[in-house]
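These notes concern the structure reproduced below.
Here is the structure:
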């Protein structure tokens, strides 16, 4: 049988090239990591009918179905239709499988839907973000985590969004038991202290994790009605210069974040290395090349940051450059 | 004698009452819970019927009015002392100097709770003047309970039927709202806002899902019963159970000297909890009940045994708020039942011998 396959088109269609000739894996997108049991059953069906009965859970909360014969890709795409619709992927045509694979699955920890510490609905924000930025061929990684604990490892993403709450203090409800002070020290950053029987919060040190609110036995500490966010940028793994994302914005709002990430796609189009392998270049490398100020110029276009938002005018990433020095000494 | 009101009638009634009284009622505080976007029902002053939460058990009780979480008792300068005035939260400028009486909306269990607070603050040695000052201005409105809430065990504690110290009652009914009016002087007011008059008997709970068996006596030997041991590792000593309890009365003092002039300051009293670190700490740093199991024993025995020795009835009113709030899913009700089992076991083993009461 003649095998004449456009591998580049196949990859964009979210099928992997595997080491076994003629075999591929279908990559199912799961924005925010939440998939219905019905779609999961459909994934099982595909794995049993076209794969080898195995399902691989990816690092970015997607699902891969390995062991698929390349000639079965159109049939798999047909089967994927209900999943694409069910997960509300932003595609008018749902019959051809996924229309891109560059922009990676948007990751989210369980957030406030499950976790006592989650400061916002991570799943909903991830789904909204996915709807805004996918399908797109540019290699962009966005991840959401409910609080500063960063269980979702957002510090390894181009955009890492961390939930924050601004603790509200009612001294009339405070009995000075000191549990918030104690837990802030043990679980967070020691931003609280007892002074004359009441609690004082160091606003600069506070990371808005909400630990004080969770442990306060009297509701002297409550959450701010607004949900705030900290945005870390340009984290990455990889061979050359892996590094953790660094803080860029804090006390920022949801709408600004959506705009900023969308704006970044225009920045990439303008400055991406035309010779980048497979048209993929981590944004961070582009920023390293063209300068942070230029990135800010593009990313913040038409963005009106709320007055409360603090922005780092310089961001430093200090890590090993393996492309220059692989010496352990 | 009672009245039936529609929504509009209740609005008018509450608005008019709020002119003559401070009205203190359970209020849904949006997003004020521990967890993101979770509401909390806490007592607060209202001037509108729409602010009153009638349909759920309040997370914290009415007692924050009578025994505020934090209350400044007096201010001192170098040569003068001034008593702090006002009702409700200390330092709340809106209430400071407001001399009106207070109407508090509460359920049957909480009304029984008032009796316990009175016992502790008024009938247990010298009267507490700060408590008396507020208590004298408080009148009660009974919120009927058409059905039990989760974790309630009022029936077994005998606090499901309200005592007779309420002015009128309020609950939802098919027609809107039904009120029984006990205070004759309020009749003209109800006549103005009611759509009809009929006999109203406030609804009360007759059956809870939770049942507790309270021990009649507790032998002193059970002080070291294994019943308490599990709480050494389960309980985190956060004190939420006691802070939501309508009958816990413990407080401690804070003497505060102001930073700018250390010879000027204030004395506050704040609620204390036998479950929280520091409660039984004495001079030199020793603590009588370091283990959480020991604290649990102290609390549980006080609620269903020790208080009865002094006042003749149990302190606990079975509202179940402690079971609602515990982050470690420790059930007070279950603990009381475990204690009763242990008492039964002890009795069986020591048949014929006389136990020393705890």
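Protein chains in written order, with the numbering used here: chain A, 1 to 329; chain B, 1 to 358. Virtual Cβ for every residue (Gly too), placed ideally from N, Cα, C.
- In this structure the region 83-101 of chain A does not lie against the region 47-59 of chain A, because fewer than three pairs of beta carbons, one per stretch, are closer than 8 angstroms.
- Here residue 150 (chain A) is buried: its Cβ has 16 or more other Cβ atoms, across all protein chains shown, within 10 Å.
- The Cβ of residue 271 (chain B) sits closer than 8 angstroms to at least one Cβ of chain A.
- A Cβ-Cβ separation of about 7 angstroms places residue 107 (chain A) in contact with residue 126 (chain A) under the 8 angstroms criterion.
- Within the same chain, Cβ atoms closer than 6 angstroms to the Cβ of residue 131 (chain A) are found at 90, the five residues on either side in sequence being excluded.
- For residue 121 (chain B), no beta strand (DSSP E) encloses it; the enclosing alpha helix (DSSP H) starts and ends at 108-122.
- Counting only unbroken stretches of 3 or more residues, the beta strand (DSSP E) elements lying wholly within the region 46-121 of chain A are 63-69, in sequence order.
- Around the CB of residue 2 (chain A), fewer than 16 other CB atoms lie within 10 Å, so the residue is classed as exposed.
- By the CB criterion at 8 angstroms, residue 133 (chain A) and residue 261 (chain A) fall inside the cutoff.
- If you draw a straight line from the Cα of residue 65 (chain A) to the Cα of residue 45 (chain A), it is about 10 angstroms long.
- As DSSP reads the structure, residue 26 (chain B) sits in a beta bridge with B:43.
- Pairing residue 248 (chain A) with residue 257 (chain B), the inter-Cα distance amounts to about 42 angstroms.
- Under the 10 Å beta carbon count, residue 349 (chain B) is surrounded by fewer than 16 other beta carbons and is classified as exposed.
- Considering only B:19, B:10, B:77, B:283, the residue with the shortest C-alpha distance to residue 261 (chain B) is B:77.
- Under DSSP, the beta-bridge partners assigned to residue 179 (chain B) are B:3.
- Taken through DSSP and simplified to helix, strand or coil, residue 236 (chain A) comes out as strand.
- With at least 16 other beta carbons inside 10 angstroms of its own, residue 59 (chain B) counts as buried.
- Sequence-distant partners of residue 47 (chain B) (beyond 5 residues in either direction) whose C-beta falls short of 8 angstroms from its own C-beta, in its chain, are 14, 15, 18, 23.
- When Cβ-Cβ separations below 8 angstroms define contact, residue 179 (chain A) makes contact with chain B.
- Closer than 7 angstroms at the C-beta level to chain A, one finds these residues of the region 237-269 of chain B: 238, 239, 240, 243, 254, 256, 268.
- Residue contact check for residue 213 (chain A) against chain B: a CB pair falls below 8 angstroms.
- Note that the C-beta distance between residue 236 (chain A) and residue 284 (chain A) is below 8 angstroms.
- Rounded to whole angstroms, residue 117 (chain B) and residue 191 (chain B) show a C-alpha spacing of 34 angstroms.
- For residue 162 (chain A), no CB of chain B lies under 8 angstroms from its own CB, so it is not counted at the interface with that chain.
- Contact note: residue 51 (chain B) does not reach chain A at a C-beta cutoff of 9 angstroms; the least C-beta distance is about 17 angstroms.
- Residue 183 (chain A) places its beta carbon less than 8 angstroms from that of residue 211 (chain A).
- By the neighbour-count definition (other C-beta atoms within 10 Å, threshold 16), residue 132 (chain B) is an exposed residue.
- Taking the beta carbon of residue 112 (chain A) as reference, the chain B residues within 8 angstroms of it are 35, 36, 37, listed in sequence order.
- By the rule that beta-carbons nearer than 8 angstroms mark a contact, residue 274 (chain A) does not touch chain B.
- At a beta-carbon threshold of 7 angstroms, none of the residues of chain B lie near residue 236 (chain A); the nearest stands roughly 30 angstroms away.
- Using a 10 angstroms sphere on the CB of residue 1 (chain B), the tally of other CB atoms stays under 16, which defines it as exposed.
- Remark: C-beta atoms of residue 202 (chain B) and residue 171 (chain B) approach each other more closely than 8 angstroms.
- When rounded, the separation of the alpha-carbon atoms in residue 135 (chain B) and residue 66 (chain B) is 6 angstroms.
- Within the region 64-76 of chain B, the residues whose Cβ lies closer than 7 angstroms to some Cβ of chain A are 69, 70, listed in chain order.
- Per the C-alpha coordinates, the member of A:207, A:312, A:78 positioned closest to residue 187 (chain A) is A:207.
- For residue 149 (chain A), no Cβ of chain B is located within less than 8 angstroms of the residue's own Cβ.
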